[in-house]
């Protein structure tokens, strides 16, 4: 088990240079804890303290071995188990004293103040009765890092009954409440009202936030039930977009409860979730001078802050009607959703109307969004501190609203012109997200790159042969055959957005629409001057639809040329130069062609001319203090260049004066750590499970025999009821509902590719049956269709079970014919003994005859007449017989196969059951064994067709090689359940003898291939199956009964 933790040291020992940290007075260390499952906190407490340079027990006169650790404001017991909440992946622990920012909020908070927009968005502040000052000063109760906000800008008064009023404190730029200016007279703030100050917006929000169902797995992760949908959620009672008064930014209400453990009361002080992004930037004029190779529209916009857009730019009415308030979550709601986790977590699936649509900021109270699938790739430029705040907000949206199974994030931060420490400090929050875990065999621990070698590896994983197999619609950019130079990366003057770039050809044309927050006008034949930001009907966020489509065509209709989703989208963040010519060529290919495979690049640069020429959209941080955005994109319907030019360059539209949404690094770190332990549940399940499906299981643990002894086995057999016709169930693994036991009332068929765990499942089945039934009542016949070269890899390890009545491990023809004859004789013997009765009826008669007291001597009974049934009181034993066949497909067509098919038909009445495996379902389909097997398991298979042959659904084709024994169980009633087969041939786990370790996390090294390490079990001792067989043999000897006669 490995979990990542952050440890904070005592505040007074912190250096003074960490003022940008949310835990400014405390040294911090990110560590990786490796420990066996079940390890307690006390085993690693001293090592955790040492990670921040603290000497255990140095304070308060405690013993040197005594460490106090706190999480969520509470002291942790040393007996707390690692991997269980709160000691899960991403947890933050503080040494010696509780963190006041994490103290649980006492009941009684009547409202919460959310910073819903602006350059310091995302803050959550719980309000208690009293006076609350909001301003730019660090001494304000609610500090807001917005240069347009005064030091002490406004005052909120919170009454005992929860009534909130606002007054302006003589600010320079004033305060606006729902469109009306606020003076020195108190104005009542109704729930959901919008308070504007500078470029920021606040909202006072009451209520509670619902939470998703979560199930810890005991190994540091938490499985969460999410609501991934294909449509846009609507708040209750929503009809058409309307004023925001009376509604929250999310349409669901805020969550004082959800934030309680992450915020403290604002009664003279507010809880600040994130650190300021910073203000430093070059002058707008200098940036404009550097942009001489870019579009004239963009250069003009860089020199002014609030100038009116040019005639060719999108016109935005100053009082645009607000769009659906629940559609575009603000940063504060994103944080609450991650902390809850809230019901909107990972709600956007691949077919969702707003999948990969990003909120950039607001204009005229309306969210401005950009669709990555329409734009293809996006270039982002501006002063680095503010630009990073913007990108953090965009990535937070992607991570909170899209599940890891549908979205992969990749970071390339290998620009050698920036110091490594600066790059790791800027991006160390990102690898906490589960979306950066390698899930397709990438040789790294996280999908990150901080040096040129790592960058090239990450890019080649995405684009090994771009330009050869992918041809996007429309004329594409012509890349030079040699190393990518200025012509491939910077383009010509005014041509940074070629129509052949990823997504641009699809966005343009008569049916194109703006990729901002589009309207139905330009797309659906409405007014030609309709704005791209005028609050179109829900769903029409600028994705082009079919020519002539009407608004009734449905929200989010995408153009005929849009790239079809490939099942999982990828967003690649490229921070500056990727570090090498080969990496630059790969980035250029991804920017130009990646959208065809649902791969989208966010390219960060200081200036627009530094961007690849094929960026579908360019977003620039502008304004005197870097709080506004300008966006340039192709103008829908633009004509291409004159014939003969190497690529088409459509006219461009520009949207200016967008108030950006930016978040701080500390805010992003808190959100990422909250998402770190979350995992999606298995998609295939039967009924409602309450626990997570583990990655592996040990059979002896499931059987309660972690210490197996003959006495334990004998005690279990002693509790068995008198022999009957019912076969015992056998525990073989686990499902989401707990341990899984097979009831062999029906025959069992198991299918899977090589190395999928077929043989191990049979061995676990044999062990489970042997524990569940006495050897005088159960016989096990073992047959191997493809005997392995190493007998230990087949069924040979199970031969020592006292229940085994024969073992065939050869392909020799005479041996197969002899085995067929012996099994056929056994079937005939049983049929003769039963005399037409079923196996269950025969046992029932025998049991009743044995229990009933005789009323007269046995010799007084008349002799049985010929042809009548005889009550088998002292008849020869007739135990259950389970014929286990590994690789049944290899025996098809042999004499033994014909007898096995006869057993499949007659076996249930004769007390004979089959348990067979096949590596080629197409070869065994249609046989009597295949038709009779009602209990079926599909392990990993190579094709959906094979999966459908086995369990009638194709889900088993998606199982991966890194989880042997993982499969899907199809019940006789048709239900399908995820199954993890338990292992019985392993030895005592080596981790049981390992000491837990605590090592620092090196963020820059996560993109390197992990060091090869051989996973070994403890020594060369006996396997679990050998230990179990030995105990079973001695327990069988204590029974004093004759074993079942051998068949082979």
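Residue numbers (my numbering): 1 to 1048. Glycine is no exception: its CB is placed at the ideal position from the N, C-alpha and C atoms.
Rounded to whole angstroms, what's the CA-CA distance from residue 83 to residue 700? Just pull it up for me. 22 Å
Grab the span of the alpha helix (DSSP H) containing residue 930 for me, first residue to last. 928 to 932
Buried or exposed: where does residue 1002 fall if 16 or more other Cβ atoms within 10 Å of its Cβ makes it buried? exposed
How is residue 759 classed by DSSP in three states: helix, strand or coil? helix
Where does residue 719 sit, in a helix, a strand or coil, going by DSSP? coil
Quick check on DSSP: helix, strand or coil for residue 223? Residue 223: strand per DSSP, three-state reduction.
Validate contact between the segment 373 to 381 and the segment 582 to 600 using beta carbons, cut 8 Å, 3 pairs: Yes, since at least three Cβ pairs between the segment 373 to 381 and the segment 582 to 600 fall closer than 8 Å, the two stretches touch.
Is it the case that the Cβ atoms of residue 1051 and residue 396 are separated by a distance below 8 Å? Here the chain has residues from 1 to 1048 only, and residue 1051 is not among them.
Simplified DSSP state of residue 1001, which is helix, strand or coil: coil
Based on DSSP bridge pairs, tell me the residues matched to residue 70. Note: residue 70 sits in a beta bridge opposite 75 and 94.
Helix, strand or coil, according to DSSP, for residue 961 in the structure here? In the three-state scheme derived from DSSP, where H, G and I count as helix and E and B as strand, residue 961 is classed as coil.
Given a cut-off of 8 Å on the beta-carbon distance, is the pair residue 661 and residue 38 in contact? no
I need the boundaries of the alpha helix (DSSP H) containing residue 600, first residue and last residue. Segment 599 to 605 is the beta strand (DSSP E) holding residue 600; no alpha helix (DSSP H) there.
For residue 814, three-class secondary structure by DSSP: helix
DSSP beta-bridge partners for residue 839? DSSP, once it has assigned bridges, lists no residue as partnering residue 839.
Contact the segment 912 to 929 vs the segment 884 to 901: 3+ CB pairs below 8 Å: Yes, the segment 912 to 929 is in contact with the segment 884 to 901.
Terminal residues of the beta strand (DSSP E) in which residue 84 lies: Note, residue 84: premise wrong, no beta strand (DSSP E); not H, not E.
Residue 1028 versus residue 712 - alpha carbon distance: 11 Å
Spatial neighbours of residue 816 within its chain, please: CB distance less than 7 Å, with the 5 preceding and 5 following residues excluded, ordered by chain position. 894, 895 and 896
For a test of the three-state rule: what should DSSP assign to residue 1099, helix, strand or coil? This structure cannot settle anything about residue 1099, because the visible part of the chain is limited to 1 through 1048.
Quick one: residues in its chain with C-beta nearer than 6 Å to the C-beta of residue 384, no 5 flanking neighbours on either side, listed in chain order? none
The beta strand (DSSP E) spanning residue 131 covers which residue range? 130 to 135
Starting from the Cα of residue 189, find the closest Cα among 777, 783, 155 and 348 and give me that residue. Considering only alpha carbons, the answer is 155.
For the structure I just gave you, are there three or more beta carbon pairs, one from the segment 415 to 423 and one from the segment 576 to 584, closer than 8 Å? yes
Spell out whether any CB of chain D is found under 8 Å from the CB atom of residue 335. Absence of chain D from the displayed structure is noted, only one protein chain being present.
Cβ pair count under 8 Å reaching 3, the segment 442 to 459 against the segment 607 to 622: no
According to DSSP, is residue 1024 part of a helix, a strand, or is it coil? It is helical.
According to the neighbour-count rule (16 or more other Cβ atoms, all chains shown, within 10 Å of its Cβ), is residue 831 buried or exposed? exposed
So, under 8 Å CB-CB, residue 1023 and residue 985 are touching, yes? Tell me the CB distance rounded to an integer number of Å. Contact flag correct, Cβ pair sits at about 5 Å.
Assumed close pair residue 168, residue 159 - CB separation to whole angstroms, cut-off 8 Å: Actually they do not touch by this definition, with Cβ atoms about 19 Å apart.
Cut-off 8 Å between Cβ atoms - residues of its own chain near residue 164, not counting five sequence neighbours on either side: 111, 127, 156, 157, 158, 188, 189 and 204
Checking the sheet assignment: what are the DSSP bridge partners for residue 622? 628
Count the C-beta pairs between the segment 146 to 155 and the segment 355 to 367 that are closer than 8 Å, then say yes if the count reaches three, no if not. no
I'd like to check one pair, residue 454 with residue 1007: are the Cβ atoms closer than 8 Å? yes
Between the alpha carbons of residue 429 and residue 41, how many angstroms are there, rounded? Across the structure, residue 429 and residue 41 are spaced so that their CA atoms are roughly 25 Å apart.
Our contact map puts residue 95 next to residue 28 with C-beta atoms below 8 Å; I'd like the distance itself, whole angstroms only. Not a contact, Cβ separation roughly 10 Å.
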